[in-house]
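Take a look at the structure below.
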Amino acid sequence: MAYTIDWSGDPAVVLIDQTALPQREEYLRCETVPELIAAIRRLAVRGAPALGVAGALGVALAMRTSADPAADIAALRAARPTAVNLAWGVDRAAALVPGGSDAVLAEALAIRDEDVASSASMAAYGSELVTELVGGDPVLLTHCNTGGLACVTGGTALGVAIALHRAGRLREVIASETRPLLQGARLTAWELGRAGVPYRIAADGAGPSLMARGLVDAVIVGADRICANGDVVNKIGTYAHALGAARAGIPFLVVAPESTVDPRTACGADVHIEDRPGAEVLELAGSPIAPAGSVAVNPAFDVTPADLVTAIVTDRRVIQLSRGGNLPGVPLGRLR
Ligand code: MRU
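Pasting the structure below:
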């Protein structure tokens, strides 16, 4: 299958099961909305843009298979709270419900196709920006997974890194492992390896120190929600990398489609941060790593304040947020 997530006319939503990677490349068929919701909750499909497409295709599935489509659509919309793309994708497709199931499916497929195009635009804008900011041979540090697995194909921040590699303008990617579920070590490394991009994996806590030692030229990450004031909500651990980048004086870049920009949320403090099961922290690959009876705290996301963000790259614009002066040579957009 070329895409991370797609429609199958049977009907079903088909997706690569990201929990099996990198050991096994397996595909999952979700033939009902509850099956799709379960896949979203256990992160078989994950990453903000992919969740937007999952939401839209899920509404199409509800129209064809649900006894109570409205209830299934509401449950799908609430499957994960933080990435605004899920609710965005559900709402866009659900707006077509009065037109019937074919109209809903057409909208969902349009959202899928727009995601493919948006990855290409972000790669073009982002790669130009990175080269202008830090030159043609950079080491980029990234966090979590923002490649084709997090979208339909292509990617956001990782799509930029892969585009730079293809243009001969990248030395290396450092992928932080991204505890507790290891999206960096498992998924980003898998995608970089397949693309032939040189990479190394670092423990999450190593990032700021690598930056302080001058071993990283820029940090580049995705986002689950970008608030009206420019605060960026992304995978837990992003904030520490942003602090490290600010202290080291290197750019901290956020790459995300317009569907991740949420003008209705004023700032990061207003975002519902998903708390996930403690077992994700207390176990590794199903084996306990902490003393019996330990209790975990497991927020899945954090907020990076806008003043730590150098620029946001979307599929339509580059928005400069901090560090004074205009970024050279890029079309500047405004957040609002
Ligand atoms: O919990 P996840 O794996 O869905 O979290 C994903 C992230 O935080 C990504 O960085 C974000 O969605 C951007 S993906 C292009």
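Residue numbers for the sequence shown follow the working numbering, beginning at 61 and rising by one. Where is the CB? At the ideal position from N, CA and C, for every residue including glycine.
- The beta carbon of residue 340 sits closer than 8 Å to the beta carbons of 240, 241, 356 and 358 from its chain, once the five residues preceding and following it are set aside; these are given in chain order.
- In this structure, residue 183 and residue 219 form a Cβ contact; the two beta carbons are roughly 4 Å apart against a cut-off of 8 Å.
- With fewer than 16 other CB atoms across the displayed protein chains lying within 10 angstroms of its CB, residue 254 is exposed.
- For residue 224, the closest of 247, 235, 198 and 246 by C-alpha to C-alpha distance is 198.
- Here residue 164 is not near residue 212, since their CB atoms are 8 Å or more apart.
- As the crow flies, the alpha-carbon of residue 157 is around 8 Å from that of residue 123.
- Here DSSP, grouped into helix, strand and coil, assigns residue 83 to coil.
- The three-state reading of DSSP puts residue 259 in strand, counting E and B together.
- Remark: the shortest separation between the CB of residue 139 and any heavy atom of the ligand MRU does not fall under 7 Å.
- The region 189-197 makes no contact with the region 293-307; the number of CB pairs closer than 8 Å stays below 3.
- Distance from the Cα of residue 372 is smallest, within the candidate group 330, 75 and 312, for 312.
- Relative to the ligand MRU, residue 216 has its C-beta within less than 7 Å of a heavy atom.
- Only residues of its own chain outside the window of five on either side were considered, and among them 342 have a CB closer than 8 Å to the CB of residue 354, listed in chain order.
- One alpha carbon belongs to residue 136, the other to residue 286, and they sit about 21 Å apart.
- Within the same chain, Cβ atoms closer than 6 Å to the Cβ of residue 120 are found at 164, 165 and 168, the five residues on either side in sequence being excluded.
- For residue 243, the number of other beta carbons within 10 angstroms of its own is at least 16, and it is reported as buried.
- In the DSSP assignment, residue 66 falls within the unbroken beta strand (DSSP E) covering 65-68.
- By the 16-neighbour rule on beta-carbons within 10 angstroms, residue 284 is buried.
- Counting other Cβ atoms within 10 Å of its Cβ, residue 130 stays below 16 and is therefore classed as exposed.
- The distance from the Cβ of residue 88 to that of residue 103 is about 12 Å, inconsistent with a contact at the 8 Å cut-off.
- DSSP places residue 373 in the strand class (E or B) of the three-state scheme.
- Excluding residues up to 5 positions away in sequence, 202, 205, 207, 218 and 235 lie with their Cβ nearer than 7 Å to the Cβ of residue 248 in the same chain.
- Per DSSP, the beta-bridge partners of residue 286 are 292 and 321.
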